[in-house]
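Chains as they are written, first to last, in my numbering: chain P, 2 to 255; chain Z, 101 to 281.
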């Protein structure tokens, strides 16, 4: 990432920041327009995430050891962590959606962490990606709510514990907040990752000036540490919000 | 950068290869991103649900089973040890009781022998005493008759010395009368 910034900085003959260039999607083979099926840099990093997930969850557990190896125990830890989260938040009947939720968790976690490698590409910084994830959850959960509860799913918006006079107002607020959910759900993830990477790039750009170079390198270091934290936390937040939305769909009564 | 050699590839990348605005908002790329994302998610989902999750679930339940079995086995062994200890205690108590019994029996036997011996000795002593008493009585009675004889002889001698001539029958009669008297 830093070398890329230096490239562009050098061209302009001064401090020129291109913090957003790291998010450009380029065809991996040759030049040309990015069509729907073009293999791009994003395809590569998505594939790497898949490879990493397979390495951890499939190859890591291939021995099926009763006393686990290190890799297997990490896989089991991830499994247990998300399984317990789903069970605690949604209850026993939410456990059958665990594979979907675990898929989301692992995908976001690995994309976030792989994106922290230098010269990498961060799929989760793209609103197109997170919006598919967020709206996917929203549509699935809403459909599930109506399938499981029928029209009584709408009681989710009718706060029966509130005074009767307040209920219509609360219903309007609840409906608005319900439809804002997928937006905040997806923008939170993309925003966090994009901002972190852009800030890293800006700090790296300052390293071109000798006087502030040590400070900027310290800054990169600090922000990098923060980004490691953010990567894990955002994967966790996305997953637990998914569980909360799923719980609302399964048990819409307050 | 390869893009520098060519003109702007799309509305989102400028001729110098840097982004115009936010690449995140470049709608030209959306179909491509969504397509590859969906492929990725489907692949991850299939791998997890077909291979990884059943495997991990079976490993976890197997481990749980092993732990439960081990605990059950440990409890079983503990119970067996307790049983063995109880059996040992019982054997010890039995042996103690038996020893006590044997000691008591021996004591009784010795006592019986002792009693028998002492009774036998007592009887012998009594027999001896009776025998001695009988001998003494015999001796006494024989001494009495000797005295009679001596008295008669003496009386006869005295009578003779006095110059009388006494028949022994009359003297014996007189002596007997005196002795009785």
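Cβ atoms here follow ideal geometry from the backbone N, Cα and C, with glycine treated the same way.
Residues of chain P whose Cβ lies closer than 7 Å to the Cβ of residue 115 (chain Z) do not exist, since the nearest Cβ in that chain is about 12 Å away.
Under a criterion of Cβ atoms nearer than 8 Å, the residues of chain Z adjacent to residue 77 (chain P) are, in order, 156, 159, 160. The beta carbon of residue 225 (chain P) does not come within 8 Å of any beta carbon belonging to chain Z, so the residue lies off that interface. DSSP places residue 39 (chain P) outside both helix and strand once states are collapsed to three, so it counts as coil. Residue 250 (chain P) is bridged by DSSP to nothing; it lacks a bridge partner. If you check each beta-carbon in the segment 107 to 123 of chain P against every beta-carbon of chain Z, the ones closer than 7 Å belong to 107, 108.
Residue pairing by DSSP places residue 28 (chain P) opposite P:41 in a beta bridge. For residue 239 (chain P), same chain residues with a beta-carbon under 6 Å away, outside a window of 5 residues either side, are 109, 190 in chain order. In this chain, the alpha helix (DSSP H) harbouring residue 86 (chain P) covers 71 to 91.
Rounded to the nearest angstrom, the gap between the Cα atoms of residue 168 (chain Z) and residue 162 (chain Z) is 10 Å.
When secondary structure is reduced to three states using DSSP, residue 241 (chain Z) falls in the helix class.
Residue 126 (chain P) reaches chain Z at 124, counting residues in chain order whose Cβ is nearer than 8 Å. Counting along the chain, the unbroken alpha helix (DSSP H) around residue 136 (chain Z) starts and ends at 130 to 147. Annotation: Cβ neighbours of residue 36 (chain P) in chain Z (cutoff 7 Å, chain order): 132. Within 8 Å of the CB of residue 128 (chain Z), the CB atoms of chain P belong to 34, 35, in sequence order along the chain.
If you draw a straight line from the Cα of residue 93 (chain P) to the Cα of residue 99 (chain P), it is about 11 Å long. Separation of residue 160 (chain Z) and residue 68 (chain P) (C-alpha to C-alpha, rounded to the nearest whole angstrom) is 10 Å. For the pair of segments examined, the segment 23 to 40 of chain P was found not to touch the segment 216 to 230 of chain P: the number of CB pairs separated by less than 8 Å stays below three. DSSP, reduced to helix, strand and coil, places residue 165 (chain P) outside both helices and strands of the structure shown, so it counts as coil.
Using beta-carbon distances, residue 19 (chain P) counts as an interface residue toward chain Z, with a partner under 8 Å.
For residue 185 (chain P), the three-state secondary structure derived from DSSP is helix. Under the three-state reduction of DSSP output, residue 21 (chain P) falls in the coil class, being neither helix nor strand. Residue contact check for residue 237 (chain P) against chain Z: no CB pair falls below 8 Å. Along the segment 43 to 55 of chain P, going in chain order, the ones with a CB nearer than 8 Å to a CB of chain Z are 43, 44, 47, 48, 50, 51, 54, 55.
Under the three-state reduction of DSSP, residue 265 (chain Z) is assigned to coil, being neither helix nor strand. Residue-level contact by beta carbon fails for residue 179 (chain Z) and chain P, as no gap is shorter than 8 Å.
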